[in-house]
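A.B. asks:
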Amino acid sequence: MPLIPVLQDKRVVLGVSGSIAAYKAVALASALTQAGALVDVAMTHEATELVRPLSFQAITHRPVAVDMFHLLAETEIGHVSLGLNADAIVVAPATAHTLAKLALGLADDMIATTVLASRAPVLVAPAMDANMYQHPTVAEHLEVLRQRGCAILEPGYGHLASGLVGRGRLAEPETILEAVRAVLGRRGDLAGWQVVVTAGGTQEPIDPVRFVSNRSSGKMGFALAEAARDRGAHVILIAANVALPDPYGVEVRRVRTAQEMAEQVLEAVPGADALLMAAAVADYRPEQPAEHKLKKRSEELALRLVPTTDILASTARAGFTALRVGFAAESEHLLEHARAKLEQKGLDLIVANDVTLPGSGFGADDNKVTILGRDGLERDLPLLPKLQVAYAVLDQVRRLRGGAPDVGSFDRLRSFDRLRMSGGRGDAETYSSPPDFGRPT
Numbered sequence: 008m009p010l011i012p013v014l015q016d017k018r019v020v021l022g023v024s025g026s027i028a029a030y031k032a033v034a035l036a037s038a039l040t041q042a043g044a045l046v047d048v049a050m051t052h053e054a055t056e057l058v059r060p061l062s063f064q065a066i067t068h069r070p071v072a073v074d075m076f077h078l079l080a081e082t083e084i085g086h087v088s089l090g091l092n093a094d095a096i097v098v099a100p101a102t103a104h105t106l107a108k109l110a111l112g113l114a115d116d117m118i119a120t121t122v123l124a125s126r127a128p129v130l131v132a133p134a135m136d137a138n139m140y141q142h143p144t145v146a147e148h149l150e151v152l153r154q155r156g157c158a159i160l161e162p163g164y165g166h167l168a169s170g171l172v173g174r175g176r177l178a179e180p181e182t183i184l185e186a187v188r189a190v191l192g193r194r195g196d197l198a199g200w201q202v203v204v205t206a207g208g209t210q211e212p213i214d215p216v217r218f219v220s221n222r223s224s225g226k227m228g229f230a231l232a233e234a235a236r237d238r239g240a241h242v243i244l245i246a247a248n249v250a251l252p253d254p255y256g257v258e259v260r261r262v263r264t265a266q267e268m269a270e271q272v273l274e275a276v277p278g279a280d281a282l283l284m285a286a287a288v289a290d291y292r293p294e295q296p297a298e299h300k301l302k303k304r305s306e307e308l309a310l311r312l313v314p315t316t317d318i319l320a321s322t323a324r325a326g327f328t329a330l331r332v333g334f335a336a337e338s339e340h341l342l343e344h345a346r347a348k349l350e351q352k353g354l355d356l357i358v359a360n361d362v363t364l365p366g367s368g369f370g371a372d373d374n375k376v377t378i379l380g381r382d383g384l385e386r387d388l389p390l391l392p393k394l395q396v397a398y399a400v401l402d403q404v405r406r407l408r409g410g411a412p413d414v415g416s417f418d419r420l421r422s423f424d425r426l427r428m429s430g431g432r433g434d435a436e437t438y439s440s441p442p443d444f445g446r447p448t
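Mapping the sequence shown onto my numbering, position 357 (from 1) lands on 364, and the numbers just tick up by one.
1. Thinking just about the alpha-carbon of each residue, which of L45, Q141, A158 and I96 is nearest to the one in L10?
2. Which first and last residues belong to the beta strand (DSSP E) in which A103 is found?
3. Would you list the one or two residues that DSSP bridges to Q201?
4. Got a sec? Which residues, its chain only, sit under 6 Å from L341 by beta carbon, not counting five neighbours each side?
5. Helix, strand or coil for P389 per DSSP?
6. Between which residues of its own chain and A28 is the CB-CB distance below 6 Å, once the five residues before and five after are set aside?
7. Determine the direct distance from the alpha carbon of A127 to that of V396, and round the result to whole angstroms.
8. Out of V33, V20, Q41 and R222, point me to the one whose CA is closest to L123's CA.
9. Tell me which residues share the same chain as G256 and place their Cβ nearer than 6 Å to its Cβ, disregarding the 5 neighbours each side in the sequence.
10. Return the residue from the list L364, P212 and G225 that minimises the CA-CA distance to Y291.
11. With a 10 Å radius around its C-beta and 16 neighbouring C-beta atoms as the bar for buried, classify N520 as buried or exposed.
12. Can you give, in chain order, each stretch of the alpha helix (DSSP H) that sits fully within the region 236–299 and has at least 4 residues?
13. Which stretch, first to last residue, makes up the beta strand (DSSP E) that contains L312?
14. Let's see if you can read the secondary structure: which residues bound the alpha helix (DSSP H) around V332?
15. Does the Cβ of V216 have 16 or more other Cβ atoms within 10 Å, making it buried, or fewer, making it exposed?
16. Return the chain-ordered list of same chain residues with a C-beta closer than 7 Å to the C-beta of K352, the five sequence neighbours on each side being excluded.
17. Would you tell me roughly how many angstroms separate the C-alpha atoms of S88 and L401, rounded to the nearest one?
18. Under 8 Å, do A158 and L130 count as touching if we go by C-beta distance?
19. At which residue ranges does the region 38–71 contain complete beta strand (DSSP E) runs of 3 or more residues, listed in the order of the chain?
20. Looking at K300 and the ligand ATP, is the gap between the Cβ and the nearest heavy atom below 7 Å?
21. At the level of alpha carbons, what is the spacing between I378 and I245?
22. Using three-state DSSP, classify H166 as helix, strand or coil.
23. Per DSSP, E179 forms a beta bridge with which residues?
24. Look up D373 in the DSSP assignment and give the residues it is bridged to.
25. Quick check on this structure: which residue in L364, R346 and N374 has the alpha carbon closest to the alpha carbon of E385?
26. Among A34, T51 and M75, which residue has its Cα nearest to the Cα of S62?
27. Using the Cα positions of A297 and G156, report the straight-line distance between them to the nearest angstrom.
28. For a minimum of 3 consecutive residues, which ranges assigned as the beta strand (DSSP E) are wholly contained in the region 109–148?
29. Is the region 197–209 close to the region 160–167, with three or more CB pairs under 8 Å?
30. Over the uninterrupted beta strand (DSSP E) stretch that includes A359, give me the two end residues.
31. When we look at the beta-carbon of G22 and count the other beta-carbons within 10 Å, is it buried (16 or more) or exposed?
32. Is V187 closer than 8 Å to A95 when the C-beta atoms are compared?
33. Can you tell which of R222, R193 and G228 has its C-alpha closest to the C-alpha of V204?
34. Compare the beta carbon distance of K226 and K348 with 8 Å and say whether it is the shorter of the two.
35. Reducing DSSP to helix, strand and coil, say where R174 ends up.
36. Helix, strand or coil: which one does DSSP assign to G228?
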């Protein structure tokens, strides 16, 4: 897993209560640690009957807090210091008993006391039997926590330990990790922004079963949406024909054709601060799709193709104030073609990538891009995970909107990578700290 800037060096307290789903918390602790967070695990005594504290300690390389009066250091009382130092608290799994304690303000175990002692944002992921979850008392406790500002990650539906089938399964670690990122990013440097992102490849129908399309997986667009969410923006993701799950905390609108995408973009862009057109929109569509499936014949089949709507040009003509970022996937003359597109469509930025490079571009998890700006910017990036590319693009968007730091989050992330590889050695001038996009309330 690549490092995730919003989690870099953040102190996350993971509270594990006595649900059979406690084993999933081990995978969550691992994912948080790999993403760059400092994870302190607090367990109830009931949870230790299901998962050994040593499992968490081996993953996080940090002591596990179970005893309320255990001294984490000579002058630090565990049940107070964990909460005071936390950037975020995640209770996963949260049993009905733990939810009641949190709602009532009880303080008789490490989780409840840590939450009371902290002003950090709290994310609660319930897990219990379906009948318990549906009980009015549990619903009341969850509503109390919502009103106090806690983020609630609803459990999933499926087979439960009791043998019932219903809602009560702990959310998957990947989903909880995304929710933590969203909670930490609430007061990021894009807080208050609305960002519109397009992703995927449009499909232009030939007949009811065939279409003209391309190889876009949507991964770059989804990475942009996640990065903007991590930095506090309200994100509208307009996704065409992708197999990726909806990112947590992102408003997703699914479309199929270029025309449908154009309609959604033109609806979403008014009032937006930035439009990031990462989708591979078909340039042409069949002029007259067949009403029924075309049958194979011996003679040739000729398709008449006509241009699709030029979405970026449409947004320019409409006079929207959003900063506009295009993408250029090219197979030759990369910078020449990208600069031409930048000029022709009146873009603020364009992100150019050579789709012929191995391990980059369509379907890959990494991308090798050059960012070009109308103001003369030319920034060539190495091959990077697409999330890190997304952060680099947003750094430039933020710069153009004003107020961006001299050293963007991408630069800080690379510095942090080098610092980790050096074992923590290095002077402050060489290794800058990871980005701090503001501590949520």
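C-beta: ideal position from N, C-alpha, C; glycine also.
C.D. replies: Checking against the coordinates, here is how it stands:
1. L45
2. That residue, A103, is in no beta strand (DSSP E); its alpha helix (DSSP H) goes A103 to L111.
3. H241
4. A359 and D361
5. coil
6. P100, A134 and L177
7. 29 Å
8. Cα-wise, what sits closest to L123 is V20.
9. Leaving aside the five residues that flank G256 on each side, the residues in its chain whose CB is nearer than 6 Å to its CB run, in chain order, A189 and R236.
10. P212
11. Here the chain has residues from 8 to 448 only, and residue 520 is not among them.
12. 265–275
13. L312 to P314
14. Not the alpha helix (DSSP H): V332 falls in the beta strand (DSSP E), residues L330 to E337.
15. exposed
16. L319, A320, A323 and G333
17. 35 Å
18. yes
19. You should have 45–50.
20. Although the ligand ATP was asked about, the structure shown includes no ligands whatsoever.
21. 22 Å
22. Three-state DSSP puts H166 in a strand.
23. According to DSSP, which records beta bridges pairwise, E179 is partnered with nothing at all.
24. P392
25. R346
26. A34
27. 53 Å
28. 129–133
29. No, because fewer than three Cβ pairs between the region 197–209 and the region 160–167 fall closer than 8 Å, the two stretches do not touch.
30. That run of the beta strand (DSSP E) goes L356 to D361.
31. buried
32. With contacts defined by Cβ atoms closer than 8 Å, A95 and V187 form a contacting pair.
33. G228
34. No, the Cβ-Cβ distance between K226 and K348 is not below 8 Å.
35. In the three-state DSSP reduction, R174 falls in the strand class (E or B).
36. helix
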